[in-house]
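Residue numbers (the working numbering), protein chains in the order written: chain X, 782 to 910; chain F, 4 to 367.
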């Protein structure tokens, strides 16, 4: 029996021996999975100012027109609350966009300085519009 | 006594909600009142947890705050004059989440930012592991208590294969299992890569079984794609299992492998011990203190070494038996009634500390 305290040592030795015999030679493909669908900075800026479309408030049922009217009426009744929600969200989004933009400008400036210091042509990337 | 529990979020299968509901059953047994609240509630929770906005504690009611992510309007909660007990379950570092689950990343980043405020405002600070207690102390807690997670293993059913359960057939290959949120920090991706090598060099008929709720649908898709590329048809990924179904999966497994990079406790280790499975784990976070000498801990990043350790744990029957014996012994440390007594003492102490604070005006 392999003592639990010696199991790792034995596994390391076996792996090394098998690798010497040609096994475990393939690329282990380590690292994290690539991020799936990260939005571009341009998309983030576009999303910053939210503007919900009242036309999306609707019933998907057949003969749902009265329900659609009711839902849109409720949205209008709650207009004050929704305005508060949108204002809070937009304030956060816009300040975040401003913060990201400043960071990008600082990074671009640093890259430019670094390029100049190393004698390379360092052309800072323009911040996204 | 009335105790209200406050959770950062409530989900149908997450460990902290499950624990809070077990706590509630003990509170009822002790004839304590109160209710359970969460800042975010998944639709499948079915009314057992209420929205945090509805919390209206009476004078002297104890607030038991389970902290595992950011809580909106925390300052309003902390401004309440009630006795407060913090139970810190740890918060996943947001750096693991930005790429695949940025919204959860924000919630976790806020959760970590809120920790010093929480520590400063509660009457008693507790955590479910020494690892988490060290984080509390680093953020200003002068005294911490450890109340291990209260795990109801009986809910998983009997440890022997039940009639009709999916028990492994002798002709089939070994089954490697991991249970945990499908999330980047749990490193199911690395486990798939290790499994592919184990399968190629040791057991072509082996299967990998991943169980857990997705942190984001896109991440689960990425895991499916990786499994399809490296071990087509040999990896199953299941979510939303009921306790009995989860028990069936444990019963059908040959070994449990956890390569997670961050664990505040890791309940599945105890579940694997309960089912007598040999456990291989990366010694991250609270894993070493929970597993003790009952698991094979591996720091190595080399997939070949981990694959060979898996092979040992599956083929060496004496090693399996010894690990099974140690796992059962380890479980005695987490006997529910003993943990419940520690919980009860902490709640009662919280009420006493708050009474003293009200008299003297000095916190702790």
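Where is the CB? At the ideal position from N, CA and C, for every residue including glycine. Please read all numbers here as calculations on a predicted model, not as lab measurements.
Residue 177 of chain F and residue 257 of chain F closer than 7 Å at C-beta:
yes
Which of the three DSSP states, helix, strand or coil, is assigned to residue 805 of chain X?
coil
If you follow the alpha helix (DSSP H) that residue 253 of chain F is part of, which residue opens it and which one closes it?
246-254
What span of residues does the alpha helix (DSSP H) with residue 298 of chain F cover, start to end?
Unbroken run through residue 298 of chain F is the beta strand (DSSP E), 298-300; no alpha helix (DSSP H).
Counting contacts by CB-CB distance shorter than 7 Å, is residue 842 of chain X in contact with chain C?
Protein chains X and F are contained in the structure displayed, whereas chain C is not.
Are residue 8 of chain F and residue 23 of chain F closer than 7 Å when you measure CB to CB?
yes
CA nearest to the CA of residue 840 of chain X, picked from X:854, X:880, X:807, X:830:
X:854
Proximal residues of chain F, C-beta to C-beta of residue 800 of chain X below 8 Å
307
Own chain residues within Cβ distance below 7 Å of residue 72 of chain F, not counting five before or after
11, 12, 94, 110, 111, 114
Would you say residue 321 of chain F lies against chain X (beta-carbon separation less than 7 Å)?
yes
Classify residue 27 of chain F as helix, strand or coil using the three-state DSSP reduction.
helix
Answer with buried or exposed for residue 274 of chain F, where buried requires no fewer than 16 other C-beta atoms within 10 angstroms of its C-beta.
Classification for residue 274 of chain F: buried.
What is the DSSP secondary structure of residue 175 of chain F, reduced to helix, strand or coil?
coil
Cβ-Cβ separation, residue 294 of chain F to residue 300 of chain F (assumed contact under 8 Å), whole Å
Indeed they touch by this definition, with Cβ atoms about 7 Å apart.
Under 7 Å, Cβ to Cβ, is there at least one residue of chain F near residue 821 of chain X?
no
Closer than 7 Å to chain F by CB, residue 816 of chain X:
yes
Kindly confirm or deny that the region 197-213 of chain F and the region 115-122 of chain F touch, where touching means at least three C-beta pairs closer than 8 Å.
no
Cβ atoms of residue 197 of chain F and residue 309 of chain F: under 7 Å apart, would you say?
Result yes, Cβ atoms of residue 309 of chain F and residue 197 of chain F sit closer than 7 Å.
Anyone know if the C-beta pair for residue 315 of chain F and residue 821 of chain X falls short of 7 Å?
no
Comparing C-alpha positions only, which one of F:86, F:152, F:199 sits nearest to residue 231 of chain F?
F:199
Contact with chain X by residue 188 of chain F, beta-carbon distance below 7 Å
no
Buried or exposed for residue 340 of chain F, please, with buried defined as at least 16 other CB atoms from any protein chain shown within 10 angstroms of its CB.
exposed
Pick from F:129, F:116, F:52 that is closest to residue 90 of chain F, judged by C-alpha positions:
The shortest CA-to-CA distance from residue 90 of chain F to any of F:129, F:116, F:52 is the one to F:129.
Distance, residue 189 of chain F Cα to residue 56 of chain F Cα:
32 Å
What first and last residue would you give for the beta strand (DSSP E) that runs through residue 852 of chain X?
No beta strand (DSSP E) holds residue 852 of chain X; the alpha helix (DSSP H) holding it covers 846-858.
CA-CA distance, residue 320 of chain F and residue 285 of chain F?
Between residue 320 of chain F and residue 285 of chain F, the alpha-carbon positions lie close to 22 Å from each other.
Minimum Cβ-Cβ distance from residue 255 of chain F to chain X less than 7 Å
At a cut-off of 7 Å between C-beta atoms, residue 255 of chain F does not count as an interface residue with respect to chain X.
Tell me the start and end of each unbroken alpha helix (DSSP H) in the region 255-308 of chain F that is at least 4 residues and wholly inside, in chain order.
The qualifying runs are 270-277, 290-294.
Give the DSSP-derived three-state secondary structure of residue 36 of chain F in the structure shown.
strand
Roughly how many angstroms separate the alpha carbons of residue 807 of chain X and residue 202 of chain F, rounded to a whole number?
Per the coordinates, the alpha-carbon of residue 807 of chain X lies some 13 Å from the alpha-carbon of residue 202 of chain F.
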